[in-house]
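The sequence shown begins at 38 in our numbering and counts up one residue at a time.
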Amino acid sequence: MPERQKRKGDNMEGQKVFRIGPFRPPSEAKSLLLQVTQGCTWNKCRFCQMYRHVPFKVFSVDSIKGDIDVMKYYADLALECRDTQGQWDLQTMNSMLKNMSRPEAECAQLIFNWVINGGKTVFLQDGNTLALSASKLKEVVNYLKEVFPRIERITSYGRAQTLAQVTKEEYKELKNAGLDRIHSGFESGSQEVLDFINKGVDVEELIQAGKNIKAGGIELSVYFMPGIGGKALSEKNAAGMAHVVNQVNPDYVRIRTAVIKEGTELWNEYKCGKMKLCSDDDKVKEIRQLINLAEACDGRLVSDHIVNLLQNVEGSLKEDRALMLEEIDKYLERPEVERKMYQIARRSGRADSIEYLDGLHEIQKNQLQKMVLAYGTEEQWNERINDMLSRYI
38 MPERQKRKGD
48 NMEGQKVFRI
58 GPFRPPSEAK
68 SLLLQVTQGC
78 TWNKCRFCQM
88 YRHVPFKVFS
98 VDSIKGDIDV
108 MKYYADLALE
118 CRDTQGQWDL
128 QTMNSMLKNM
138 SRPEAECAQL
148 IFNWVINGGK
158 TVFLQDGNTL
168 ALSASKLKEV
178 VNYLKEVFPR
188 IERITSYGRA
198 QTLAQVTKEE
208 YKELKNAGLD
218 RIHSGFESGS
228 QEVLDFINKG
238 VDVEELIQAG
248 KNIKAGGIEL
258 SVYFMPGIGG
268 KALSEKNAAG
278 MAHVVNQVNP
288 DYVRIRTAVI
298 KEGTELWNEY
308 KCGKMKLCSD
318 DDKVKEIRQL
328 INLAEACDGR
338 LVSDHIVNLL
348 QNVEGSLKED
358 RALMLEEIDK
368 YLERPEVERK
378 MYQIARRSGR
388 ADSIEYLDGL
398 HEIQKNQLQK
408 MVLAYGTEEQ
418 WNERINDMLS
428 RYI
């Protein structure tokens with residue numbers, strides 16, 4: 038969608054629409070999405086295709102405020118459909134949507150749903166909003182809070198190299214304006230792994246970014262990708278991430294199991310024999326190593342994505358460490374064939390914990406076992422699991 042040239046609710050075609058970016062964290066499913074930048078400033082990670090064909094762009098503050106004005110227009114329409122008892126007239130809302138153009142209806146529907154769900158949280162898109170500059174982002178956040186004073190949480194993505202260049206004082210100003218949390222894909226804390234995936238950032242920049250954000254009073258949510266370095270770098274990947282987590286003490290460490298997508302540079306490395314895929318067991322062991330080594334962090338480990346094998350392994354890295362390790366060991370202590378049976382069930386969307394197997398009838402167990410035995414080599418099995426995971430990315 039072209040950058041807006043007018044304000045107060047009209048784009049260049051005279052329709053009341055706003056930009057909608059393609060991505061958000063699962064934790065922001067009910068948040069209002071406000072696009073501040075487009076794409077990624079780096080866009081060279083060897084595992085990522087998210088923005089590969091999207092040119093990076095920073096939108097002007099005036100343009101972003103124009104989007105907020107449109108959002109306010111639709112929010113006011115939604116509020117007109119609520120009675121004094123707080124009940125929503127969904128029939129009237131649907132009638133409004135039918136009388137709008139398709140682009141307008143898409144925008145209005147998002148705002149209607151947001152308002153109905155409380156209208157309390159906002160997520161700033163896309164991959165690196167601080168590229169707008171801290172001062173301009175502060176102006177956007179201030180305006181957002183002015184227009185929607187009931188907002189309770191504003192969060193954003195940020196690339197670590199850019200985040201490291203923002204000072205503690207600037208983060209404090211952003212926090213005072215209303216920015217509450219920053220999500221950043223650290224992926225690993227090993228320089229060898231970061232170089233291998235061409236992350237374009239140094240370990241010290243990860244640590245500096247994290248410390249500055251925390252010192253500014255903003256919550257930090259970092260992402261770890263078990264398996265992203267392949268078998269050769271598996272142990273270093275986990276140990277390095279534990280080192281960074283101990284140095285930074287983020288509020289959240291979110292697990293994003295590595296999936297090597299066909300068409301990426303890492304996929305080509307694998308097909309050429311230069312990289313071996315990690316098994317699901319390898320990835321679980323990386324998570325175990327991270328939990329075991331992250332002794333100086335009291336943040337939460339979060340497993341909120343369907344690609345994670347053991348989604349029930351989450352909790353405080355300080356208070357729940359023993360419980361999380363116990364859950365992992367329950368899985369690892371199972372016979373190999375049962376672990377693979379669970380992997381198939383989980384990747385098929387049928388299971389969320391290893392105990393799933395205990396409730397199966399013998400016929401169901403035999404079916405899963407036959408699927409496991411159909412794959413000859415370990416490499417073939419790992420590729421099959423990776424293919425199943427690719428459907429979710």
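C-beta atoms are modelled at their ideal positions from N, C-alpha and C, and glycine is treated no differently.
Through-space distance from residue j to residue i, alpha-carbon basis
i              : j              : result
glycine 85     : threonine 301  : In the sequence as presented, glycine is not what sits at residue 85; that position holds cysteine. Each residue's Cα considered, the two are about 7 Å apart.
glutamine 72   : glutamate 117  : 26 Å
proline 59     : isoleucine 343 : 18 Å
glutamate 323  : alanine 275    : 5 Å
alanine 112    : asparagine 150 : 10 Å
glycine 237    : glutamate 299  : 21 Å
alanine 411    : serine 271     : 27 Å
glycine 164    : isoleucine 101 : 16 Å
glycine 254    : asparagine 213 : 9 Å
asparagine 131 : arginine 384   : 37 Å
lysine 209     : glutamate 256  : 11 Å
glutamate 392  : cysteine 334   : 29 Å
glutamate 399  : glycine 386    : 20 Å
proline 186    : glycine 336    : 29 Å
arginine 291   : glutamate 183  : 31 Å
lysine 205     : glutamine 284  : 16 Å
arginine 44    : alanine 252    : Since pLDDT at arginine 44 reaches only 40, below the 50 mark, its modelled position is unreliable, and no value is offered.
lysine 367     : isoleucine 188 : 42 Å
isoleucine 365 : leucine 303    : 28 Å
cysteine 77    : asparagine 235 : 14 Å
Identity of the residue in the options nearest residue i by Cα
i                 : options                        : result
lysine 81         : Phe233, Ser138, Glu370, Lys135 : Phe233
alanine 455       : Pro186, Glu241, His220, Gly222 : Residue numbering for the chain in the displayed model covers 38 to 430; residue 455 lies beyond these limits and cannot be assessed.
lysine 313        : Gln417, Gly156, Val282         : Gln417
phenylalanine 223 : Met262, Lys182, Ile191         : Met262
phenylalanine 55  : Ile105, Lys67, Glu392, His90   : Ile105
tyrosine 180      : Glu206, Leu216, Gln162, Ile148 : Leu216
glutamate 373     : Leu405, Glu141, Asn349, Tyr429 : Leu405
threonine 74      : Arg196, Pro140, Gly51, Leu127  : Arg196
leucine 161       : Glu65, Asp317, Arg358, Ile422  : Glu65
alanine 355       : Leu369, Ala331, Asp341         : The amino acid occupying residue 355 in the given sequence is lysine; alanine does not appear at that position. Checked all of Leu369, Ala331, Asp341; the closest Cα to lysine 355 is Ala331.
valine 282        : Asp395, Ser227, Pro92, Lys109  : Ser227
asparagine 286    : Ile250, Gly413, Pro92          : Ile250
Bridge partners - residue i, DSSP secondary structure assignment
i                 : result
valine 339        : Arg291
glutamine 72      : Gln162
lysine 94         : Gln75
phenylalanine 261 : Glu224, Ile292
serine 353        : Arg337
glutamate 256     : Arg218
isoleucine 191    : Val159
tryptophan 125    : Arg119
Chain D within 9 Å of residue i, Cβ atoms only
i             : result
glutamate 302 : Absent here is chain D; the protein component of the structure consists of one chain.
Closer than 8 Å: residue i CB and nearest the ligand COA heavy atom
i              : result
methionine 378 : With respect to the ligand COA, the structure shown offers nothing to examine, as it has no ligands at all.
Chain-order list of residues whose beta-carbon lies under 6 Å from that of residue i (same chain, five-residue window excluded)
i              : result
histidine 220  : Pro62, Tyr194, Ser258
methionine 361 : Ile328, Val350, Gly352
leucine 426    : Val296, Val344
cysteine 144   : Val54, Phe55
lysine 436     : Residue 436 cannot be examined here, being either before or after the span of the chain that is shown, 38 to 430.
Chain-order list of residues whose beta-carbon lies under 8 Å from that of residue i (same chain, five-residue window excluded)
i              : result
glutamine 326  : Glu272, Ala275, Ala276, Ala279
isoleucine 153 : Ala115, Trp125
leucine 127    : Cys118
glycine 156    : Leu69, Ala112, Phe185, Arg187, Ile188
Own chain residues within Cβ distance below 7 Å of residue i, not counting five before or after
i             : result
glutamate 229 : Leu270, Lys273
proline 140   : Gln52, Val54
leucine 169   : Val73, Thr74, Val95
tyrosine 307  : Ile297, Leu314
Fill in: Cβ pair count under 8 Å reaching 3, the segment 290-309 against the segment 240-256
no
Worksheet item: Three or more C-beta pairs closer than 8 Å, one from the segment 119-139 and one from the segment 85-97: is that the case here?
Response: no
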